[in-house]
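Participant: Numbering (my numbering), first residue to last: 1 to 301.
Note that the Cβ used here is the ideal one computed from N, Cα and C, for glycine as well.
What follows is a single structure, and I will ask about it in a moment.
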Amino acid sequence: MADIYIYSDKPDVAAEITGFVKREKKKAILLAESKEAADVLKKLGADAVLLISGDGRRINDYAEAIAGLTKAKGGLLLAVGSTVAGRELGASVAGRLGCAMISDVRAARFEGDVLCAEKMTFGGAVIHAEKMSGFGVISVPAGVFEKADPAECGVEEVPLPADARISLIKTQPVVKQGVDLSKAQKIVSIGLGVNKEEDIQIARDLAEVLGAEIGCSRSIAEDRKWLPDYIGMTGVTVKPQLYFAMGLSGQIQHVFGIRDSKLIVAVDTNDKAPIFRAADYGIVGDLYEVVPMLTEAIKKL
Ligand SMILES: Cc1cc2nc3c(=O)[nH]c(=O)nc-3n(C[C@H](O)[C@H](O)[C@H](O)COP(=O)(O)OP(=O)(O)OC[C@H]3O[C@@H](n4cnc5c(N)ncnc54)[C@H](O)[C@@H]3O)c2cc1C
Numbered sequence: 001m002a003d004i005y006i007y008s009d010k011p012d013v014a015a016e017i018t019g020f021v022k023r024e025k026k027k028a029i030l031l032a033e034s035k036e037a038a039d040v041l042k043k044l045g046a047d048a049v050l051l052i053s054g055d056g057r058r059i060n061d062y063a064e065a066i067a068g069l070t071k072a073k074g075g076l077l078l079a080v081g082s083t084v085a086g087r088e089l090g091a092s093v094a095g096r097l098g099c100a101m102i103s104d105v106r107a108a109r110f111e112g113d114v115l116c117a118e119k120m121t122f123g124g125a126v127i128h129a130e131k132m133s134g135f136g137v138i139s140v141p142a143g144v145f146e147k148a149d150p151a152e153c154g155v156e157e158v159p160l161p162a163d164a165r166i167s168l169i170k171t172q173p174v175v176k177q178g179v180d181l182s183k184a185q186k187i188v189s190i191g192l193g194v195n196k197e198e199d200i201q202i203a204r205d206l207a208e209v210l211g212a213e214i215g216c217s218r219s220i221a222e223d224r225k226w227l228p229d230y231i232g233m234t235g236v237t238v239k240p241q242l243y244f245a246m247g248l249s250g251q252i253q254h255v256f257g258i259r260d261s262k263l264i265v266a267v268d269t270n271d272k273a274p275i276f277r278a279a280d281y282g283i284v285g286d287l288y289e290v291v292p293m294l295t296e297a298i299k300k301l
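Rendered as structure tokens:
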């Protein structure tokens, strides 16, 4: 059975990639960067977990060694989660081995040992279907595949040498602000149509009656710095049951991150706003009037 190596610093994504590999009847080998990670990964239904270090260094410091390992073992594919760490590792390994890489795949299957993958380009406007033969690398965003059935496998320690040119000075935990929007079932999201920071309360009131989390466009998070995380191509990808956008134009980079939402509702004064092309229900109107009315109506329900 052909070996597929999997790395993700997000266990859910590791489980999803494992699900894909098992359904394709290939051998799923998860790479763990610490003992703690290995203890989680061994329960995800893979065939094996390789514990490659335990010294708290970044996975990319092992790119050279991981490239050597996958080559020596005749691996078929390295599949990484599309996180910063995953993408960095995938690109480093592909660069070292001179092999192909398909990033952010949205669908994949094997024809024999040839990988057939789909990815979105031009900010999600076009789907590319690609084939990759020989050892290659793919990166996979969260939520693309169904998880593997949980089952426990063994953990094998294969201490690999880290890049000696990089030394770890210290690690310091970052205090995370906000919630994990990628897991939210309902999201009320704001854009620049919200004029003042205190007006976010209008969105919070609606979110409260809906039991939703608050999201936003990049302009709100990066330019105005009103909220910590934004949604979209360069932000968080979300998949809620309900995505309610208010005063958010829905540029392609934003829509890329919400297109898997079950139901999209949008309020915007501009009837030509692109968000209405993505929305299931659109309300052309002033959010300052429409949203409080909606909140009151839902409260009465
Ligand atoms: C490389 C790159 C990557 C990017 N990645 C992302 C990304 O991941 N996520 C992201 O969000 N953006 C991203 N952007 C930015 C993106 O292109 C847009 O600039 C941004 O999403 C616009 O934010 P917005 O919708 O809040 O603002 P605007 O586009 O200004 O939209 C505001 C909307 O509010 C409406 N409005 C105004 N007043 C009211 C009112 N009273 N009531 C109702 N509606 C009202 C307007 O009609 C308008 O449609 C990226 C850009 C680049 C170049």
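Three-state secondary structure (DSSP) at D260?
Facilitator: coil
Participant: Give me, in chain order, the residues of the same chain whose beta-carbon lies closer than 6 Å to that of S219; leave out the 5 immediate sequence neighbours on both sides.
Facilitator: L192
Participant: Does any heavy atom of ligand 1 sit closer than 7 Å to the C-beta of G19?
Facilitator: no
Participant: Taking 8 Å as the threshold, find out whether the region 62 to 81 comes into contact with the region 177 to 197 through three or more Cβ pairs.
Facilitator: no
Participant: Suppose contacts are defined by Cβ-Cβ distances below 8 Å. Is I187 in contact with P240 by that definition?
Facilitator: yes
Participant: Return helix, strand or coil for Y62, following the three-state DSSP convention.
Facilitator: helix
Participant: Could you name the residues of the same chain whose beta carbon sits closer than 7 Å to that of L97, not counting the 5 residues immediately before and after it, in chain order?
Facilitator: A67, K71 and F135
Participant: Take every Cβ of the region 156 to 171, pair it with every Cβ of the region 101 to 108, and state whether three or more of those distances are shorter than 8 Å.
Facilitator: no
Participant: Only counting the same chain, and skipping five residues up and downstream in sequence, which positions put a Cβ closer than 7 Å to that of L90?
Facilitator: In the sequence as displayed, the identity of residue 90 is Gly instead of Leu. Once the five neighbours on either side are set aside, the close Cβ partners of G90 are L78, V80, M101, V137 and S139.
Participant: Measuring only the C-alpha atoms, how far is H128 from T237?
Facilitator: 19 Å
Participant: Looking at the secondary structure, which residues open and close the beta strand (DSSP E) in which M132 lies?
Facilitator: Note, M132: beta strand (DSSP E), V126 to M132.
Participant: Check whether the region 116 to 124 touches the region 19 to 32, counting contact only when three or more Cβ pairs, one atom from each stretch, lie closer than 8 Å.
Facilitator: no
Participant: Can you name, in chain order, every residue of its own chain whose Cβ lies under 8 Å from the Cβ of V158, other than the five neighbours on each side?
Facilitator: Apart from sequence neighbours up to five positions away, the residues of its chain that approach V158 with a beta-carbon distance below 8 Å are L50, L51, I52 and L69, ordered along the chain.
Participant: Return the residue from the list A212, V284 and K147 that minimises the CA-CA distance to D12.
Facilitator: K147
Participant: Could you tell me whether any non-hydrogen atom of ligand 1 is closer than 7 Å to the CB of M120?
Facilitator: It does not: the Cβ of M120 is nowhere closer than 7 Å to a heavy atom of ligand 1.
Participant: State the Cα-Cα distance for the pair V93 and K43, rounded to the nearest angstrom.
Facilitator: 26 Å
Participant: Once you ignore the five residues that flank A278 on each side, which residues in its own chain have a CB closer than 6 Å to its CB?
Facilitator: G250, V255 and I264
Participant: May I ask whether a heavy atom of ligand 1 can be found less than 7 Å away from the beta carbon of Q201?
Facilitator: no
Participant: Please classify D268 as buried or exposed, where buried requires at least 16 neighbouring CB atoms within 10 angstroms.
Facilitator: buried
Participant: Buried or exposed, going by whether 16 or more other CB atoms sit within 10 Å of the CB of M132?
Facilitator: buried
Participant: Are the beta-carbon atoms belonging to K26 and A2 less than 8 Å from one another?
Facilitator: Cβ distance < 8 Å, so K26 and A2 count as in contact.
Participant: Let me check one thing: in DSSP terms, what residues is G215 bridge-paired to?
Facilitator: S189
Participant: Under 8 Å by Cβ, that's how I've got I252 and W226 pegged, so tell me the actual separation to the nearest angstrom.
Facilitator: Not a contact, Cβ separation roughly 22 Å.
Participant: Going by DSSP, name the residue or residues bridged to V140.
Facilitator: In DSSP, V140 forms a bridge with G81.
Participant: Do F244 and L206 count as a contact pair if the criterion is CB distance below 8 Å?
Facilitator: F244 sits close to L206, with the two beta carbons spaced by under 8 Å.
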